[in-house]
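The structure under discussion appears below in the form of structure tokens.
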Amino acid sequence: MLVRVSEEKSKAPESGSITDHPGWFGAGYGGGIMAIHANWPAYPCAPGDGHGLFDLAQFPVGTRFEPIDDIDRCVLFVAYDYDPKKPGRPEKPWSKYAYQIAIWHEDLIALSKQGLIEGVTPISEREWRLRQRVEAGWQWGKKLHGQEKDGTISARDWPSLPELPNENDFWGETDPYNYPAFEHRGVDSPMTVTAAGWATVTEQLATSFEMPDALPAVRTNLDSGHYDTALREVGVEVEEALRAIIGSDDGYGQGLVDKFIKHLDDELFAYNTTLKIYRLRLRTYFKFTRNLYAHKKKPLERALALAQATHALQLLDDIKNAAADRQEE
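If you want this note's numbering, it's the 1-based position in the sequence shown plus 2.
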């Protein structure tokens, strides 16, 4: 599957400061990553530490992820088939109402090699760049046409391609096949989380579960096997925390998410990347977890209940930390 190289790469900020770039993460993010040169509807968490798998697990089992952009060794996907009532890829994959998610190349390759995701094949940088050229309309003997700063169109030679991997490239810990192609057994394919991936993320979240002393009702319901009730209680706590930081008693669900993100932007001056990461986590939580248990009883196993409770409590901690940051200012 070929991935479009975005023609919507964001322009340099008018202020001239890289910190005003929409893809700016902040100095030291992810061990030195500072920015993605694109104004995306979603951005990735820092690479490594299983973040990629946890991010994908925000969506239900069976969700498909189709790549729509690839910049700075990071891929932007649109999610679909998460709702049986609305199957298929969205007509407008870039819409703010669609669900997008971004994952770093290194996380995609690592998860694929571990068998935790399907639909990703490691390829060399040379093959990756060749595929991008085909996507851009490249043909032998044809030059690359691009727009100059003055608006004129000029023809230029295509950049030289990297060399093919050789036996020396395989020594040490570096693998030259560290770029993703989106195919399964040679056929273009969306990416999915495998059964092994779901088992891994559920176990890791469940075993890291820690119940706060401030939520005795949640503990009681978990201990008595009332798992859906426990998750409803956590959902109430998440909404109350959002209302507290906004300073309002009104709002719920996705509307409350929008108010919280606007508050972060207006009052806490959070980076655009931070806003987009929070927005995705909250949107997926409310749609796929909170709403699932808020209005009806739904039986589930203890491991899944603990995993979903852990996810919600981590989100709750992040919300409260945002409130603490505000108080310190």
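In this text, a Cβ means the ideal position worked out from N, Cα and C, and glycines have one as well.
- The Cβ atoms of residue 263 and residue 45 do not sit closer than 8 Å to each other.
- Fewer than three pairs of CB atoms, one per stretch, sit closer than 8 Å, so the region 200-210 makes no contact with the region 137-154.
- In this structure, the alpha-carbon of residue 131 lies about 50 Å from that of residue 250.
- The continuous alpha helix (DSSP H) containing residue 295 extends over residues 293-296.
- Take residue 229, set aside five residues on each side of it, and the residues of its chain with a beta-carbon closer than 6 Å to its own are 302 and 307, in chain order.
- In the DSSP assignment, the residues bridged to residue 156 are 148.
- Contact between residue 288 and residue 255 holds, since their C-beta atoms are separated by about 5 Å, short of 8 Å.
- Beyond the five residues adjoining it in sequence on each side, residue 300 comes within less than 6 Å, by CB distance, of 230 in the same chain, given in chain order.
- Between the alpha carbons of residue 247 and residue 324 lies a distance of about 8 Å.
- Three or more beta-carbon pairs drawn from the region 308-323 and the region 236-247 are found closer than 8 Å, and the two stretches are therefore classed as touching.
- Between the beta-carbon of residue 234 and that of residue 295 there is about 5 Å, and that keeps the pair under the 8 Å contact cut.
- For residue 229, there is no enclosing beta strand (DSSP E); the residue is found in the alpha helix (DSSP H) stretching over 229-248.
- If you look at residue 181, you'll find it in the beta strand (DSSP E) that goes 181-183.
- Taking a cut-off of 8 Å for Cβ pairs, the region 151-162 and the region 190-197 do not touch, as fewer than three such pairs fall below it.
- For the beta strand (DSSP E) assignment, the uninterrupted runs of no fewer than 3 residues enclosed by the region 77-133 are, from N- to C-terminal side, 102-106 and 123-125.
- In this structure, residue 74 lies near residue 38, with their beta-carbon atoms less than 8 Å apart.
- When C-alpha distances from residue 188 are compared across 153, 155 and 121, the shortest belongs to 121.
- In the same chain as residue 128, and ignoring 5 residues on each side of it, the C-beta atoms closer than 8 Å to its own belong to 163, 164, 165, 166 and 167, in chain order.
- Contact annotation, residue 104 with residue 92: C-beta distance approximately 16 Å; criterion of less than 8 Å not satisfied.
- By the criterion of at least three beta-carbon pairs nearer than 8 Å, the region 46-59 is not in contact with the region 83-98.
- The residue from 136, 282 and 70 with its alpha-carbon nearest to that of residue 191 is 70.
- Under a 10 Å Cβ-count criterion, residue 102 is classified as buried, with 16 or more other Cβ atoms of the shown protein chains found around its own Cβ.
- The secondary-structure analysis by DSSP pairs residue 22 with nothing; it has no beta-bridge partner.
- Where residue 68 is concerned, the enclosing beta strand (DSSP E) starts and stops at 66-73.
- Under DSSP, residue 272 takes part in no beta bridge, so it has no partner.
- A distance below 8 Å between beta-carbons, with the five flanking residues on each side excluded, links residue 210 to the following residues of its chain, in chain order: 312.
- Taking C-beta atoms under 8 Å as the contact rule, residue 106 and residue 76 qualify, at a distance of about 5 Å.
- Under DSSP, residue 312 shares a beta bridge with no residue.
- Here DSSP, grouped into helix, strand and coil, assigns residue 190 to strand.
- For the pair residue 81 and residue 320, the Cα-to-Cα distance works out to about 24 Å.
- With contacts defined as CB atoms closer than 8 Å, residue 181 and residue 125 qualify as a contacting pair.
- DSSP places residue 63 outside both helix and strand once states are collapsed to three, so it counts as coil.
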